[in-house]
Amino acid sequence: MMRKKELKLVITFHTTADAMAMEKVCKLHDAPGRLIPVPRSISAGCGLAWCADPDCRESLKALMAQAGVKEEELHECMV
């Protein structure tokens, strides 16, 4: 059975290393979300993206700034 698609915040990265750094930081701080393959509707520098609830946008941006993780772009799309 297919999962129902929902609006998600999808953060893309230039490199896989950035994506992995994001996962590490989020695990460390119990931040919401998970790594996913970049949805086909988005083109990105690397094949991994961080997927979370759109409500988490500001807290995740703050966490990335604090940890020095550089995002490529922030998208809101159906995942």
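Counting with my numbering, you get residues 3 to 81 for the letters of the sequence shown. All C-beta atoms in this analysis are idealised placements derived from N, C-alpha and C, irrespective of residue type, glycine included.
Query                                                                                                                                                                          : Result
Helix, strand or coil, according to DSSP, for ASP54 in the structure here?                                                                                                     : The question names Asp, yet the displayed sequence has Ala at residue 54. Strand.
Label GLU1 either buried or exposed according to how many other C-beta atoms from any shown protein chain fall within 10 Å of its C-beta, with 16 as the threshold for buried. : Nothing can be reported for residue 1, as the shown portion of the chain is limited to 3 through 81.
Taking only the alpha-carbon atoms, compute the straight-line gap between ILE86 and LEU76 and give it to the nearest angstrom.                                                 : The structure shown does not extend to residue 86, since the chain is modelled only from 3 to 81, so the question has no answer here.
With DSSP run on the structure shown, which of helix, strand or coil describes VAL27?                                                                                          : helix
Rounded to whole angstroms, what's the CA-CA distance from ALA23 to MET80? Just pull it up for me.                                                                             : 24 Å
So what does DSSP say about ARG42, is it helix, strand or coil?                                                                                                                : coil
Smallest Cα separation from THR17: which of ALA64, GLY49, SER45 and GLU78?                                                                                                     : GLY49
Do you know offhand how far LEU65's Cα is from ALA33's?                                                                                                                        : 9 Å
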